[in-house]
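Numbering (this note's numbering), first residue to last: 51 to 547. Positions of the beta carbon are idealized from the N, C-alpha and C atoms, including for glycine. Predicted, not measured: the structure shown is a model, and the values here were computed from it.
Shown next as structure tokens:
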């Protein structure tokens, strides 16, 4: 490697309670390089980042170098002093403060209270945004900004602290394609100005687009460091998981199957208009389009969380109108929200409690109390049925990986024995190996006769896993595709036009 190193770490190991989270890992990033750190959940990515930033200390024998300086120990203060910054997925910003205050927050800190110099604060914030070739209203409350602009604020805040290497953890998970493209351009701008970026993302197409090299971890060990030129998504997936996945289209002809759910002319003012479709028994109907197209809003109406202004719905041929999601559940509709953390699970509660939330009447005894036996039987059945990897049912659901949390959400709704399952971006924040497992579950459910509406803004997901695809844009269904007769470039051209 000819360029100067930003960081060079070797023989990095970390043990927690006798378990090796990292085992002899080497990691190096060049100054100004965009580098990807890839691996499944639990591969050791976060542990490595926390060692580099001084949150954790490695085991004896580690060699650590920041911008040419060899260090025996790294603390968070030492990492910051060397220009290391991390932008975690939750951004750690202050929604009640202004854009300018968030960017220049560290200038407000000091050993003793002092008057805030607003002009100096604004100047620092403007200078940081100028480095990114971005303009934002410095007086706007951060909470009023879309997530894409909050990402920019987090990056600008790092630059105010003279960051020379920035770790970005899943920075595009909640962005539209246009917002993602804009963020990737910001990353390129940082790189051109000598700031190194380590990109962590489950979206492999972005990884290969933005980075020059990728370091792959698996089960706490280094698989290798590879140039991204010539690397395919399927090859990167194999390196991350040690497995080969079927990349073929799974679509089947379900046109002869009976219609389970039918919508005709559904409209809701300001959200979507004249939406008509049908999903059949055993069919996976894909619904794709950019964020903001009205997909989630439509799902909320189908699930009774909102009501349409006009239009009708039929379930197994009978007219239905849901006044609430309770009505929808009673009728046989289940909905897995795109926001698993906020709407799908109660993080502090146990795996078992989360799994039975939707079927409490089923496990209530004649005396009005929950039956511990019925609860245990239900939990045991669905954990086995969906192959959820857990410690104990009584463990907090927050202890599970993203993929296993999503399986718990699926189990919670499958326990209601639905006729229709609505999946809204079911793989958000789920690594590539776990995604494949979730889609195997989806295909198995369809094979058993469940009608499934699969909503996703990832074109590849719907193309590979749906039997039929609807394209939604501007609140309307604007196209229909047979996955067996189209391809990724054609579908992407339509969706991202």
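What are the start and end residues of the beta strand (DSSP E) that includes residue i?
i, result
"residue 383", "383–386"
"residue 530", "526–531"
"residue 219", "215–219"
"residue 277", "271–277"
"residue 326", "322–330"
"residue 478", "Taken as a continuous stretch (DSSP letters only), residue 478 belongs to no beta strand (DSSP E), as it is neither H nor E."
DSSP three-state label for residue i, please.
i, result
"residue 51", "Confidence is the limiting factor: at residue 51 the pLDDT is only 44, short of 50, which leaves the residue's position unreliable, though a coordinate-based value still follows. The answer is coil: DSSP assigns residue 51 none of H, G, I, E or B."
"residue 85", "strand"
"residue 457", "helix"
"residue 262", "coil"
"residue 534", "helix"
"residue 423", "helix"
"residue 379", "helix"
"residue 540", "helix"
"residue 239", "helix"
"residue 64", "strand"
Check whether the Cβ atoms of residue i and residue j lie closer than 9 Å to each other.
i, j, result
"residue 354", "residue 396", "no"
"residue 505", "residue 337", "yes"
"residue 517", "residue 543", "no"
"residue 492", "residue 502", "yes"
"residue 310", "residue 512", "no"
"residue 216", "residue 245", "yes"
"residue 376", "residue 363", "no"
"residue 94", "residue 269", "yes"
"residue 193", "residue 146", "yes"
"residue 195", "residue 149", "yes"
"residue 153", "residue 174", "yes"
"residue 443", "residue 426", "yes"
"residue 241", "residue 83", "yes"
Rank the options by C-alpha distance to the C-alpha of residue i and give the top, closest one.
i, options, result
"residue 308", "328, 420, 241 and 99", "328"
"residue 510", "298, 271 and 87", "298"
"residue 305", "291, 333 and 426", "333"
"residue 484", "287, 138 and 56", "287"
"residue 134", "207, 421 and 464", "207"
"residue 125", "142, 137, 149 and 99", "99"
"residue 88", "536, 239, 273 and 104", "273"
"residue 151", "426, 107, 187 and 280", "187"
"residue 346", "524, 541 and 127", "524"
Could you pull the DSSP bridge partners for residue i from this structure?
i, result
"residue 43", "Nothing in the structure corresponds to residue 43, since the chain is present only between 51 and 547."
"residue 369", "364"
"residue 518", "335"
"residue 317", "360"
"residue 80", "55"
"residue 109", "According to DSSP, residue 109 bridges with nothing at all."
Over the uninterrupted alpha helix (DSSP H) stretch that includes residue i, give me the two end residues.
i, result
"residue 131", "126–131"
"residue 155", "From DSSP, residue 155 is part of no alpha helix (DSSP H); its letter is neither H nor E."
"residue 290", "283–291"
"residue 493", "482–497"
"residue 403", "401–406"
"residue 197", "197–210"
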